[in-house]
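In our numbering, the protein residues as written are 44 to 177.
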């Protein structure tokens with residue numbers, strides 16, 4: 044049986060470095076991010092790494108993996124989310140999936156997917172995760 048949980052996450056830190064020529068299009072960058080999740084997911088300080096492709100000014104796509112340690116609806120452990128998103132001047136759209144086999148502790152066997160949408164400039168974003176546990 045799948046369970047739907049929601050909440051918010053906040054960007055706590057964002058560091059981005061160019062990969063290759065910084066003045067080309069498309070151009071690549073990598074970033075490391077720290078987020079803080081509240082609600083159904085309680086994870087005060089995540090670790091996230093993105094690879095970003097800029098196809099224009101403030102337009103592009105990204106992929107990344109985020110490691111969350113904390114709890115999902117009160118069950119403690121850690122897990123990883125594989126993320127894929129697009130962005131433009133208006134905002135960001137992202138879908139994510141739990142990396143199979145990444146759940147630990149009471150989250151061992153966790154599976155699921157979700158996503159979020161944000162407007163440009165938002166630092167706190169609503170998310171949804173639909174998950175299952177054995």
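Backbone N, C-alpha and C define an ideal beta-carbon position, used for all residues, glycine too. Quantities reported herein were computed from a predicted structural model and do not represent experimental measurements.
Alpha carbon to alpha carbon, how far is residue i from residue j?
i	j	result
residue 92	residue 58	10 Å
residue 60	residue 73	6 Å
residue 154	residue 45	9 Å
residue 108	residue 125	5 Å
residue 48	residue 144	20 Å
residue 149	residue 112	11 Å
So, with DSSP's three-state summary, where would you put residue i?
i	result
residue 153	coil
residue 144	coil
residue 50	strand
residue 45	coil
residue 176	coil
residue 67	coil
residue 166	coil
residue 83	coil
In the DSSP assignment, the beta strand (DSSP E) including residue i goes from what residue to what residue?
i	result
residue 103	102 to 115
residue 141	134 to 141
residue 89	No beta strand (DSSP E) contains residue 89, which DSSP labels as neither H nor E.
residue 129	118 to 131
Give me the DSSP bridge partner(s) of residue i.
i	result
residue 56	77
residue 96	71 and 104
> Three or more C-beta pairs closer than 8 Å, one from the stretch 160 to 177 and one from the stretch 62 to 71: is that the case here?
Replying inline: no
> Do the stretch 135 to 147 and the stretch 97 to 104 make contact, defined as three or more Cβ pairs closer than 8 Å?
Replying inline: Counting C-beta pairs closer than 8 Å gives fewer than three between the stretch 135 to 147 and the stretch 97 to 104, which falls short of the contact rule.
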